[in-house]
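Here the first sequence is numbered in the working numbering, starting from 651 and rising by one per residue. See structure below.
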Amino acid sequence: MGKLLKEITPKSQDYSQWYTDVIKKADMVDYAPVKGFMVMKPYSYRMWEFIQAALDQKFRETGHQNAYFPLLIPEHLLIKEAEHVEGFSAEVAWVTMGGNEVLAERLAVRPTSETVVGAMYSQWIQSYRDLPVLINQWANVLRWEKSTRPFLRTTEFLWQEGHTVHRTAAEAEAETRQQLETYHEMMESLLAIPVVAGAKSAGERFAGAIETYTLEALMGDGKALQSATSHFLGQNFAKAFDIQYLDEDGTLKFGWTTSWGSSTRLIGALIMVHGDDKGLRIPPRVAPIQIVIVPIGRGNDREPITRYAKTLIGKLTASFRVKLDDRDEFTPGYKFNDWEMRGVPLRIEIGPRDLAQQQVMVARRDTGEKIAVGEESLRDVLAQLLDQVQDTLLQQARQYQYENTFAVENYHEMAHHNFRGFFMGDWCGQETCADQLKQETSVTIRCLPFDTELAGTGCIVCGRSGQHRALFARAY
RNA sequence: CGGGGAGUAGCGCAGCUUGGUAGCGCGCCUGCUUCGGGAGCAGGAGGUCGCAGGUUCAAAUCCUGUCUCUCCGACCA
651 MGKLLKEITP KSQDYSQWYT DVIKKADMVD YAPVKGFMVM KPYSYRMWEF IQAALDQKFR
711 ETGHQNAYFP LLIPEHLLIK EAEHVEGFSA EVAWVTMGGN EVLAERLAVR PTSETVVGAM
771 YSQWIQSYRD LPVLINQWAN VLRWEKSTRP FLRTTEFLWQ EGHTVHRTAA EAEAETRQQL
831 ETYHEMMESL LAIPVVAGAK SAGERFAGAI ETYTLEALMG DGKALQSATS HFLGQNFAKA
891 FDIQYLDEDG TLKFGWTTSW GSSTRLIGAL IMVHGDDKGL RIPPRVAPIQ IVIVPIGRGN
951 DREPITRYAK TLIGKLTASF RVKLDDRDEF TPGYKFNDWE MRGVPLRIEI GPRDLAQQQV
1011 MVARRDTGEK IAVGEESLRD VLAQLLDQVQ DTLLQQARQY QYENTFAVEN YHEMAHHNFR
1071 GFFMGDWCGQ ETCADQLKQE TSVTIRCLPF DTELAGTGCI VCGRSGQHRA LFARAY
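Quick look at the structure:
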């Protein structure tokens, strides 16, 4: 325990440093040779694969197909939608050379793919019979960010971006909401992260969107993290890229498009929502290793224990992701701490006493609780415990969010909470109020949550009558 | 992009003020003993001091430039 503190800075002492310590000590990332880039090591990449698998399945179930669009986008395409290019111009990386030749037109490394997708869709779509187009791609994108943090904001990141075209506004709008719901469900059931769903205010919308929906999660330091977004693009991109179809009535009409995305940033959210001073706590459903087995004993004890551990592995691998830590060079105590740092949900200890009693000790990462389990019921108990850990992490995160969500009548009240947490308040709808708030407190409007009502106490900034109930917070 | 801090062995650091044979802890390798919450002893390997210039008989140390990490702000998934 004493040595542990040397390795991971306590959250309460320095949250940023804690985060950096955890991702390094849990063997999730390494820094790359180019500034702002990171290597996702196998342990974190595996988590991404679980997220991918869950989303991909859901996308398919809702009628979407995967495709892949090019990494490079010619400048003339990128600049077609005026608002869009303005929103992204400051963070686009350009390719200007091909081999030894200077290119006639420079090529943008995609910051997102609406433009190149739009250019292709305009060629693919002729008739209302071609609609809807429901395509998703798994890709990397590049945004030249000024300050970067592993997972939360890196220059290159992995994500999925869905791009759809619909015949009617209502259908596109429904698609936008449906995809947000897909993310919502995945975050709670897989990552055990509660979120607030809502619409972005005009000032916070995606560049070129009519409406942006978002999921906002509360991190352990009281800051909000935008975790997934879904955009209703209206006909903005259809007009810019000439995505038209001949409708049943014989007239040419513009399609209605959407786009929606979620990224490896989700892993950053997972770390900050569930981690504690001992390190990571990974929800079992995304844990690369769900159960680690630590054999205890030396000399004459060792051989039968190892043999037993191996038969146990054989029995459990069909149902769980299990690992036997039979490293010779570390003591059990070291291994306990090591796997706790890496966030493995359950640990099985097998020592001479257990062998004699035909039982094992099972320790939970989330609560620290340790129980003896008889061999015959082991598989069922483990399955139950994994569910319980998954559930407990979600409940704890919900509790934390609940305890750190405050209704305010004017923005000065936020100071009582050090501007940390979710703040619910009325907003008059004027951007000037949002700007003033941000200027003075760094707090921004995270979203206008669905299914909320005005408190009637007036705009928290100017006091005029409110137009929207809004979620305010400082954000990553 | 602005303001702080930091780059010396795999990791964490000292040495720099006042230039003169590169050190400590952990880790690593070998051997023996150890194992229910970060084991002990003994021996050993490992460094062009971030990079590039400059000053000097001599640079980890002084000067200039540059790159990277980190924290805090402004900009963004």
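The C-beta atom is built at its ideal place from N, Cα and C for all residues, glycine as well. Treat the numbers as computed from the prediction; the structure is a model and nothing was measured.
State buried or exposed for residue i, treating a residue as buried only when at least 16 other CB atoms are found within 10 Å of its CB.
i: VAL745; result: exposed
i: LEU875; result: buried
i: PHE980; result: exposed
i: HIS1066; result: exposed
i: ASN886; result: buried
i: ALA740; result: exposed
i: VAL689; result: exposed
i: ALA758; result: buried
i: GLN773; result: exposed
i: LYS985; result: buried
i: LEU902; result: exposed
i: ASP926; result: buried
i: SER880; result: buried
i: GLU1090; result: exposed
i: PRO660; result: exposed
Tell me whether the beta-carbon of residue i lies closer than 8 Å to the beta-carbon of residue j.
i: GLU731; j: GLY858; result: yes
i: ARG932; j: VAL972; result: The question names Arg, yet the displayed sequence has Ile at residue 932. Cβ distance not < 8 Å, so ILE932 and VAL972 don't count as in contact.
i: LEU865; j: ALA852; result: no
i: GLU657; j: ASP671; result: yes
i: GLN940; j: LEU974; result: no
i: THR814; j: ILE785; result: yes
i: ILE1000; j: ALA1033; result: no
i: PRO782; j: GLU831; result: no
Would you mind working out which of the options sits nearest residue i, comparing C-alpha positions?
i: ASP1076; options: MET1064, CYS1083, LEU1044, HIS1118; result: HIS1118
i: GLY884; options: SER797, ILE843, GLU825, LYS1088; result: GLU825
i: TYR695; options: ASP680, GLN707, PHE709; result: ASP680
i: VAL767; options: LEU728, GLY1071, ILE955, LYS903; result: LEU728
i: ILE1095; options: PRO945, GLY1106, GLU1081; result: GLU1081
i: TYR863; options: ASP871, LYS873, GLY872, PHE882; result: PHE882
i: GLU823; options: ILE860, MET836, HIS726, LYS796; result: ILE860
i: TYR669; options: ASP1030, ARG799, GLY686; result: ARG799
i: TRP906; options: SER912, THR914, THR956, ALA888; result: ALA888
Rounded to the nearest angstrom, what separates residue i and residue j at their Cα positions?
i: LEU1035; j: LEU721; result: 44 Å
i: GLY900; j: SER909; result: 28 Å
i: LYS653; j: LEU920; result: Because the pLDDT at LYS653 is just 41, under 50, the model does not fix this residue reliably, and the point stays unresolved.
i: THR1102; j: ILE1110; result: 16 Å
i: TRP788; j: MET869; result: 26 Å
i: GLN1040; j: ASP1016; result: 9 Å
i: SER1115; j: GLU1059; result: 12 Å
i: MET651; j: ILE917; result: Any reading at MET651 must be qualified, since the residue scores a pLDDT of 30, below 50, and its modelled position is unreliable; the value itself is stated next. Their Cα atoms are separated by approximately 26 Å.
i: PHE1069; j: ASP951; result: 56 Å
i: GLN663; j: ILE723; result: 45 Å
i: TYR1061; j: TRP794; result: 33 Å
i: GLN1007; j: VAL994; result: 26 Å
i: LEU896; j: PHE1100; result: 35 Å
i: ARG760; j: ILE893; result: 20 Å
Let me know the beta strand (DSSP E) ranges lying completely inside the segment 693 to 742, each 3 residues or longer, listed in chain order.
722 to 724
Minimum length 4: unbroken alpha helix (DSSP H) runs contained in the segment 846 to 907
If we require 4 residues or more, the alpha helix (DSSP H) runs fully inside the segment 846 to 907 come out as 886 to 891.
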